[in-house]
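1 is the number of the first residue of the sequence shown in UniProt numbering; add one for each residue after it. Beta carbons are placed, not taken as given, at the ideal position from N, Cα and C, and that holds for glycine. All values reported here derive from a predicted model rather than from experimental measurement. For reference, the structure is listed below as structure tokens.
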Amino acid sequence: MSAAAELDTLLRLLGPADGTRPRPLVAALPWAPVGAGAVTLVEQVARRCRLAVRTHASAAGRGRPRVVRPVRGSLRNGLRDRLRRRAGSGYVASLPSGGPTLLDLLLQEAGVVPVSRPAVGADGAVRIAVRRGRQRAVLRMGRAGSAADPSPTMAGLHALARLEDPRLPAVLGSGERAEVRWLLETMLPGRRPRALSGALLDDVAALVATLPHGTAPVAVRDDAEVLAAAAPDSAPAVRRAADSLAASPVGARSQLRHGDLWAGNLLADDSGLTGVVDWDAWSWGGVPAVDLLHLIGTDERIRTRSSLGEVWLRRPWEDPRFTTLVGRHWPEWGADGEMRALVGTAWWLGQLASDLRRNPALAADRGWVSRNISAVAQRLP
């Protein structure tokens, strides 16, 4: 994502109340500097500081230059990684001084007070922890019609509301001002789990199995076309795999899908699962149990620092944790190894298609395409 796209909503919120976007003065791009050396990080900090000093005079009347640092989740959240990301990321922007900001007005409109600083998601959406009376909540904000718009998330939460499950977020309010839409949702209790225990996975599988079914067909053929466009040489194999999946029992009935179910989107306490959060990637076209496989597969990716394609080649649908849980919660097909392999195909198609939709530039990365699409397509039946 470009600097302009990532900062669009955040700068609007920190700018004047009329929604005028301050002029960003880019000092350092907010990449996740995993593996960057100390010299590189120092150079990033120095570059950012030099720009702040050089532009101080030009910011007169518009406020002093300030570092705007997007805060995103990370696959690794240790102190060392947090320090590296803080040193190696951030923009310098001339923000207005005096008078209310658009964020101030949105907080007032939602009837909340902030208890954290704004954080920016991978799609540019801004979220902030807030409090309304004694109730803690999450306020999500994004420019209307953009990838950061929280309206689709609100639709997903309304679809989940029929389950009446306290482990799922609920909508508390919504609105729009100066082309920025906001969504207020409940903040769920618990903390991010340190590890995926058997009991926690069982709780997650039980919840995923209850997600509503849809009337639309599974989305695997649409996903296959996204992969085929990125890897034309693999297109025939990709389309055959999608056709086989769509014609199978597991592809016969679509189910609401979280779309990004990994440990970072789980909350738990000593009693077990307390929440599943961040439903911005949800869709109706999911294949049953694909969220569970994504959770287990992503855990493997993080532990081994592997690409999705590399993990797929290890056949995560044969992981004993997955086979046990699908047999328990999807007994009509869970004992069938061929059906579990089709869930693996659905996971591969869906996640890579999602990655390409969010970041089309990946299609030009021949190494990424080779590791994640071509290598897997060669092994498809």
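For this session: Could you have a look at R253 and say whether DSSP puts it in helix, strand or coil?
Result: The residue labelled residue 253 in the question sits at position 253 within the sequence shown. The answer is coil: DSSP assigns R253 none of H, G, I, E or B.
For this session: Give a yes or no on whether the C-beta atoms belonging to P217 and L256 are separated by under 8 Å.
Result: Here the question's residue 217 lines up with position 217 in the sequence shown. Here the question's residue 256 lines up with position 256 in the sequence shown. In this structure, P217 lies away from L256, with their beta-carbon atoms at least 8 Å apart.
Problem set entry | Per DSSP, the bridge partner or partners of M141 | On the sequence shown, residue 141 is found 141 positions in, with the first residue counted as 1. The partner list for M141 (beta bridge, DSSP) reads V126 and W182.
Exercise. What's the gap between the Cα of L356 and the Cα of L293?
Worked result: Translated into positions along the sequence shown, residue 356 becomes position 356. Translated into positions along the sequence shown, residue 293 becomes position 293. For L356 and L293, the distance between alpha carbons rounds to 20 Å.
Exercise. What residue from A125, L349, R167 and G133 has the CA that sits closest to T153's CA?
Worked result: The residue you call residue 153 lines up with position 153 of the sequence shown. By alpha-carbon distance to T153, the top candidate from A125, L349, R167 and G133 is A125.
Exercise. Which two residues bound the contiguous beta strand (DSSP E) that contains T210?
Worked result: By one-based count along the sequence shown, residue 210 stands at place 210. Boundaries cannot be given for T210, as no beta strand (DSSP E) includes it and DSSP labels it neither H nor E.
Exercise. Between P166 and P236, what straight-line distance do the alpha-carbon atoms span, to the nearest angstrom?
Worked result: Residue mapping note: residue 166 aligns to position 166 of the sequence shown, counting from 1. Residue mapping note: residue 236 aligns to position 236 of the sequence shown, counting from 1. P166 and P236: Cα-Cα distance of roughly 44 Å.
Problem set entry | Rounded C-alpha distance that separates A335 from R117 | One-based indexing of the sequence shown puts residue 335 at position 335. One-based indexing of the sequence shown puts residue 117 at position 117. Distance between the alpha carbons of A335 and R117 is about 47 Å.
For this session: Please confirm if the stretch 361-376 is in contact with the stretch 295-315, defined as three or more CB-CB distances below 8 Å between the two stretches.
Result: The stretch 361-376 makes contact with the stretch 295-315; the number of CB pairs closer than 8 Å reaches 3 or more.
For this session: Specify the secondary structure class of P189 as computed by DSSP and reduced to three states.
Result: Indexing the sequence shown from 1 puts residue 189 at position 189. P189 carries a coil assignment under DSSP once its states are collapsed to helix, strand and coil.
Problem set entry | Pair within 8 Å by beta-carbon distance, A289 and L200 | Position 289 of the sequence shown, counting from 1, holds the residue named residue 289. Position 200 of the sequence shown, counting from 1, holds the residue named residue 200. Taking C-beta atoms as the reference points, A289 and L200 fail to come closer than 8 Å.
For this session: Go through the stretch 280-329 residue by residue and report every complete run of the beta strand (DSSP E) that reaches 3 residues or more, in order.
Result: DSSP runs (the beta strand (DSSP E)) wholly in the stretch 280-329: 283-286.
Problem set entry | Secondary structure of P30, DSSP reduced to three states | Here residue 30 refers to the residue found at position 30 when the sequence shown is read from its first residue. Here the model assigns P30 a pLDDT of 44, short of 50, so the residue's position is not dependable and the matter cannot be decided.
For this session: Mind the definition here: the stretch 232-250 touches the stretch 174-187 only if three or more C-beta pairs lie below 8 Å; say whether that holds.
Result: Touching, no, given that fewer than three Cβ pairs across the two stretches are closer than 8 Å.
Exercise. Taking C-alpha atoms, which residue in R315, A147, P189 and A219 lies nearest to A353?
Worked result: One-based indexing of the sequence shown puts residue 353 at position 353. That would be A219, whose Cα lies nearest to the Cα of A353.
For this session: May I ask you to list the residues that DSSP assigns as paired with A176?
Result: As a working note, residue 176 is residue 176 in the sequence shown. The residue asked about is misnamed: residue 176 is Glu in this sequence, not Ala. When beta bridges are read from the DSSP output, E176 appears opposite R181.
Exercise. Tell me which same chain residues have a C-beta within less than 7 Å of the C-beta of N372, skipping the five on either side of it?
Worked result: As a first step, residue 372 must be located in the sequence shown, where it is residue number 372. So the qualifying residues of the chain are S307, L308, G309 and L352.
For this session: Would you be able to state if there are at least three C-beta pairs under 8 Å between the stretch 262-276 and the stretch 224-232?
Result: Pairwise C-beta distances place the stretch 224-232 out of contact with the stretch 262-276, as fewer than three of them are shorter than 8 Å.
Exercise. In the DSSP assignment, what are the bridge partners of D269?
Worked result: For this step, residue 269 is matched to residue 269 along the sequence shown. Within the DSSP bridge table, the entry for D269 names G272 as partners.
Exercise. Do T101 and L14 have their C-beta atoms closer together than 8 Å?
Worked result: If you number the sequence shown from 1, residue 101 lands on position 101. If you number the sequence shown from 1, residue 14 lands on position 14. The answer is yes: Cβ separation under 8 Å.
Exercise. Should D291 and H329 be called a contact, given that it needs their Cβ atoms to be closer than 8 Å?
Worked result: Position 291 of the sequence shown, counted from the start, is the residue given in the question as residue 291. Position 329 of the sequence shown, counted from the start, is the residue given in the question as residue 329. No, the pair does not count as a contact, with Cβ atoms beyond the cut-off.
Exercise. Which runs of the alpha helix (DSSP H) fall wholly inside the stretch 213-245 and span at least 4 residues, in chain order?
Worked result: Listed in chain order, the complete alpha helix (DSSP H) runs (minimum 4 residues) inside the stretch 213-245 are 220-230.
Exercise. Hey, quick one: how far does the alpha helix (DSSP H) through R134 stretch, first residue to last?
Worked result: Here residue 134 is taken as the residue at index 134 of the sequence shown, counted from 1. Segment: none, R134 is in no alpha helix (DSSP H) and carries neither H nor E.
For this session: Would you tell me roughly how many angstroms separate the C-alpha atoms of W282 and V171, rounded to the nearest one?
Result: Position 282 of the sequence shown, counting from 1, holds the residue named residue 282. Position 171 of the sequence shown, counting from 1, holds the residue named residue 171. Those two C-alpha atoms are separated by around 15 Å.
Exercise. From G175 to A110, what distance separates their C-alpha atoms?
Worked result: Within the sequence shown, numbered from 1, the residue matching residue 175 stands at position 175. Within the sequence shown, numbered from 1, the residue matching residue 110 stands at position 110. Using only the alpha carbons, I get a separation of about 8 Å.
Problem set entry | DSSP three-state assignment for P152, whether helix, strand or coil | To locate residue 152, count along the sequence shown from 1; it is residue 152. In the three-state reduction of the DSSP assignment, P152 falls in the helix class, which pools H, G and I.
Exercise. When the Cα atoms are used, what is the spatial distance from T298 to G99?
Worked result: Start at 1 with the first residue of the sequence shown, and residue 298 comes out as number 298. Start at 1 with the first residue of the sequence shown, and residue 99 comes out as number 99. Within the model, the alpha-carbon separation for T298 versus G99 is close to 45 Å.
Exercise. Between the C-alpha atoms of L107 and L184, what's the straight-line distance to the nearest angstrom?
Worked result: For the purposes of this step, residue 107 is taken as residue 107 along the sequence shown, with counting starting at 1. For the purposes of this step, residue 184 is taken as residue 184 along the sequence shown, with counting starting at 1. When the Cα atoms are used, L107 and L184 turn out to be separated by approximately 10 Å.
Exercise. W262: which of P193, L313 and A252 sits nearest, CA to CA?
Worked result: For the purposes of this step, residue 262 is taken as residue 262 along the sequence shown, with counting starting at 1. For W262, the closest of P193, L313 and A252 by C-alpha to C-alpha distance is P193.
Exercise. According to DSSP, what are the bridge partners of A119?
Worked result: Within the sequence shown, numbered from 1, the residue matching residue 119 stands at position 119. Answer by DSSP bridge pairing, in chain order: R127.
Exercise. Looking only at C-alpha atoms, which of S146, T9, R321 and P114 sits nearest to G133?
Worked result: Position 133 of the sequence shown, counted from the start, is the residue given in the question as residue 133. Comparing Cα-Cα distances from G133 to each of S146, T9, R321 and P114, the minimum goes to P114.
Exercise. Going by alpha carbons, who is nearest to P316 out of W333, E332, L342 and P331?
Worked result: Taking the sequence shown and counting its residues from 1, the one referred to as residue 316 is at position 316. Distances from the alpha-carbon of P316 to those of W333, E332, L342 and P331 put L342 closest.
Exercise. In the DSSP assignment, what residue or residues form a beta bridge with P114?
Worked result: Within the sequence shown, residue 114 is the residue found at index 114, counting from 1. V130, per the DSSP bridge assignment.
Exercise. Is it right to say V287 is buried, meaning 16 or more other beta carbons lie within 10 angstroms of its own, or is it exposed?
Worked result: Counting from 1 along the sequence shown, the entry for residue 287 is found at position 287. V287 counts as buried, since at least 16 other C-beta atoms from the protein chains shown sit within 10 angstroms of its C-beta.
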